[in-house]
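In the numbering used here, the protein residues as written are 2 to 700. In this text, a Cβ means the ideal position worked out from N, Cα and C, and glycines have one as well. Because the structure is a prediction, the values reported are computed rather than measured.
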Amino acid sequence: MSAANSTVVRAACPHDCPDTCAMEVTVEDGRAVRLRGADDMPFTNGALCTKVAHYLERVYSDQRLRYPMKRAGRKGEGRFERISWDEALDTIAAKFRALAADDPRAILPYSFAGTMGLVQGESLDRRFFHRLGASFLERTICSSAGTAGWKATIGASVGADPEAVANAELILIWGGNPIVSNLHGWRYLQEAKRRGARLICIDPRRSETAEKCDLHLAPLPGTDGALALAMMNVLIVENLLDRDYIAANTLGFDALAERVVQFTPDWAAPLTGLPAAAIRELALEYGRSQRTLIRLNYGLNRCAGGGMAVRNIACLPALTGAWRHAGCGALLSTSGNFPLDGQALARPDLYPDAERFPPRSINMSTIGEALLSAGEPPIRAIYVYNSNPVAVAPDSNRVRAGFMREDLFCVVHELFQTDTADYADILLPATSQLEHRDLHTTYGHYYAVANTPAIAPLGEAKPNTEVFRLLAARLGFTEPALFESDEDIAASAFRRRDPRALGLEPEKLAARGWARINLPRPFAPFARGEFRTASGKCEFYSEMLARRGQDPLPAWHPPHESVLSNPELARRYPLALISPPARNFLNTSFANMPRFLEREGSPRLEIHPADAEVRGIASGQRLRIHNDRGAFHALAVVTDKVRPGVVVCPSIWWQKLSGDGENANAVTSSALTDMGRGPVFYDCLVEVVQAPAVVAEAG
């Protein structure tokens with residue numbers, strides 16, 4: 002192949018990961034033949050994770066949807082017949098027009114982070130459904146609880162500089178597994194360790210990351226907030242405080258000190274399942290270290306008290322003054338640093354008739370209840386894109402029942418025939434990241450990344466933006482915002498007059514592929530205070546929470562389901578289940594690719610030897626995991642990597658590829674968190690029993 006026929010195109014990884022890698026795609030005669038991480042982008046540093054390194058297998062998979070289709074069998078059966086784009090779009094437009102004439106709020110969009118792009122993920126789609134007058138979707142399914150707790154304390158999703166964490170001498174990796182879910186961030190944590198930093202992992206499971214740390218502490222699920230309160234107690238009692246920093250840059254210290262008197266290590270020990278001495282030693286080591294970093298992730302926010310747990314943890318670095326040092330303090334997300342123009346992207350002003358149809362919001366985490374309720378009005382049409390709710394939403398039996406409704410008009414726009422796609426009335430083929438334009442911010446570093454289409458769409462696949470433009474035209478909408486090009490949308494994404502946008506000019510960004518937002522290097526966001534709260538201080542006491550009728554001080558919010566908080570339920574279902582990401586999947590993305598299915602093998606349940614022994618369970622046995630909401634099956638892995646009383650199912654499997662037509666969400670609850678109205682995936686009691694070796698395949 003001659004060099005004249007080969008080009009290299011700049012791209013961005015679109016998936017729900019804090020690393021948001023810059024990529025280079027080599028194209029020969031119109032076909033992508035190589036994909037690699039960009040060498041010149043500092044955070045990506047030329048490397049891709051094992052999933053995205055094989056992304057071309059996903060792009061050119063023979064499983065890709067290539068043509069529009071309409072349902073030819075029963076809902077859920079997954080039988081379709083090919084139709085034209087004209088027929089598909091005319092059918093959707095006619096249905097939406099009829100529903101909107103009665104009450105457009107009967108129409109619901111459902112999307113999340115199937116792509117994290119600003120163009121394909123949160124621009125024309127928002128504009129279209131705003132103009133239609135559809136119900137709003139509360140996009141809560143991942144991080145809303147932790148984000149709410151963080152913002153109540155810090156003010157915005159801003160934290161320590163990920164590229165400066167090698168400056169830390171003590172790092173707490175709390176509620177995350179960066180080897181699996183933040184691989185490039187792990188590189189910087191490893192550099193800190195090589196320089197002498199001590200790494201402590203706080204996780205109910207001895208994860209791949211915990212194995213590489215100096216110490217692993219395994220609290221019971223949903224008790225991180227109690228652990229943080231006990232640490233605050235020790236810091237204050239032992240006077241391991243930066244009183245100058247507290248006086249200048251915090252609000253409500255005296256009230257906090259009075260509150261945490263009761264939260265001793267002895268109080269926290271039975272709640273967390275950790276020895277009081279271990280809790281005390283953790284707090285002493287943290288308080289005696291000058292340069293500390295707490296690297297949180299969202300695992301710990303998926304419990305009833307998830308918002309308050311993150312809030313409690315966010316208080317710790319302000320007590321010790323760790324924020325003074327670059328790369329220190331705490332880091333949950335960097336997304337609040339990007340000067341996004343959300344109004345320009347989403348155009349909520351397009352909503353047509355708020356007086357006649359007051360805006361209504363539906364929480365994506367309770368989609369099962371929403372689809373099954375009578376509602377005012379009931380949901381009569383759902384348009385699913387960038388998501389797979391039948392597999393990923395909690396309490397999946399109710400979700401499936403909702404999608405089974407014959408009177409629910411369901412459109413799914415997807416790359417593959419997912420579990421949700423099986424319930425579609427109209428199924429549309431979507432483009433992959435290599436086939437459309439996009440622009441990405443991130444929640445794990447400070448670089449914006451541009452994505453230029455490298456190849457033509459496969460078959461008749463279309464990007465989200467093109468489909469919404471076509472639907473807008475068929476519905477007779479005339480607003481120019483509904484017909485903007487992808488290039489124009491990307492150009493309006495950042496607030497140009499914000500100093501942080503310097504260097505993010507669209508032409509420069511597209512040409513280079515990436516650019517760091519205009520912040521000091523290294524960046525120490527709160528070295529001199531200047532928090533993003535209303536007071537400008539780290540708010541131990543939150544007036545915002547007080548106005549909402551919530552406790553304004555750090556507090557203990559127990560799990561909905563645990564041995565101590567719900568002993569009656571625990572007598573029937575004594576084991577706490579968590580379902581963290583499987584190493585070879587990313588939510589349900591990649592979970593249908595042969596390479597990664599082979600690596601994962603089959604659904605498995607990790608169980609401690611003590612819990613296995615009393616149930617007569619041995620490794621390799623087929624298990625039934627169940628509670629009042631449902632059941633799923635998995636193979637036993639008897640291991641001391643999980644603590645007694647806890648079982649772990651790496652997730653999320655497609656239901657139709659799991660062996661029994663279920664996944665872990667058959668047993669998870671659609672109850673919501675204390676803040677942010679998020680899901681409680683890791684707040685779930687189950688029982689585990691041996692199951693027959695062979696059952697009939699689902700479907």
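Beta bridge counterpart(s) of residue i as assigned by DSSP
i    : result
M1   : Because the chain is modelled from 2 through 700, residue 1 falls outside the range shown and cannot be assessed.
Y246 : BP columns for Y246 are empty, so no partner.
D439 : N452
N364 : E139
V53  : Per DSSP, none; premise fails for V53.
P430 : E415
W151 : DSSP output for W151 lists no bridge partner at all.
M70  : R83, L428
Status (buried if at least 16 other CB within 10 Å, exposed otherwise) for residue i
i    : result
R296 : buried
T116 : buried
A473 : buried
V690 : exposed
V615 : exposed
N338 : buried
S144 : buried
T51  : exposed
V412 : buried
G328 : buried
Q656 : buried
E239 : exposed
R207 : buried
P360 : exposed
V696 : In this predicted model, V696 has a pLDDT of only 46, less than 50, meaning its place in the structure is not dependable enough to derive any value.
Residue i versus residue j: straight-line alpha-carbon distance, rounded
i    : j    : result
G700 : A165 : Caution applies to G700, whose pLDDT of 38 falls short of 50 and renders its modelled position unreliable; the model cannot decide the point.
A284 : M232 : 5 Å
R625 : T367 : 25 Å
V159 : T321 : 18 Å
L686 : C202 : 24 Å
E1   : R32  : This structure leaves residue 1 out entirely; the chain is present only between 2 and 700.
D354 : P271 : 54 Å
N519 : I172 : 27 Å
P379 : I108 : 9 Å
S3   : V60  : Low confidence applies to S3: its pLDDT is 49, below 50, so where it sits in the model is not reliable enough to give any reading.
A161 : S493 : 28 Å
Y386 : N593 : 17 Å
Q551 : G156 : 17 Å
A347 : G186 : 30 Å
A637 : P560 : 26 Å
N398 : A512 : 47 Å
R80  : H326 : 58 Å
Y448 : R496 : 16 Å
A331 : E259 : 24 Å
L138 : R289 : 45 Å
P19  : E25  : 19 Å
A54  : T8   : 19 Å
G602 : R475 : 46 Å
Residues near residue i in its chain [Cβ-Cβ closer than 7 Å; skip 5 each side]
i    : result
A149 : G308, M676, G677
V181 : E209, P582, R584
N588 : D17, V393, I653
G226 : G306, M309, A310, N313, W557, H558
A167 : Y189, E192, A193, R196, G328
Beta-carbon proximity list for residue i, same chain, < 6 Å, skipping 5 on both sides
i    : result
E698 : Note on E698: pLDDT 45, under 50, position unreliable in the model; no value is reported.
R630 : D396, V668
P604 : A635, W654, S659
V450 : A13, T21, A23, H441, W515
K76  : M405, Y424
G679 : T141, S145, A146
H414 : Y386, L429, A431
I490 : V120, S124
Beta-carbon contacts of residue i that lie in its chain and below 8 Å, excluding the five residues immediately before and after
i    : result
G47  : R37, G38, A39, D40
L275 : L218, A219, P220, L228, A269
P205 : A219, P220, L221, P222, A577, I579, V643, R644, V647, V649
N452 : R11, A12, A13, P15, G118, Q434, H437, R438, D439, L440, H441
Closer than 8 Å to chain B by CB, residue i
i    : result
G288 : Note that chain B does not occur in the displayed structure, where there is just one protein chain.
(request) Can you check the region 596-657 for any beta strand (DSSP E) of at least 3 residues that lies completely inside it and give the ranges in chain order? (result) 605-608, 623-628, 631-639, 647-649
(message) Going residue by residue through the region 256-335, where are the continuous alpha helix (DSSP H) segments of at least 4 residues, counting only ones entirely within it?
(response) 266-273, 277-289, 307-321
(message) At 4 residues or longer, what runs of the alpha helix (DSSP H) sit wholly inside the region 356-401?
(response) 368-373, 390-393
(request) At 3 residues or longer, and completely inside the region 563-602: list those beta strand (DSSP E) runs for me, N to C. (result) 576-579
(request) Could you tell me which uninterrupted alpha helix (DSSP H) segments, each at least 4 residues in length, are contained entirely in the region 178-232, listed from first to last along the chain? (result) 179-182, 184-195, 209-212
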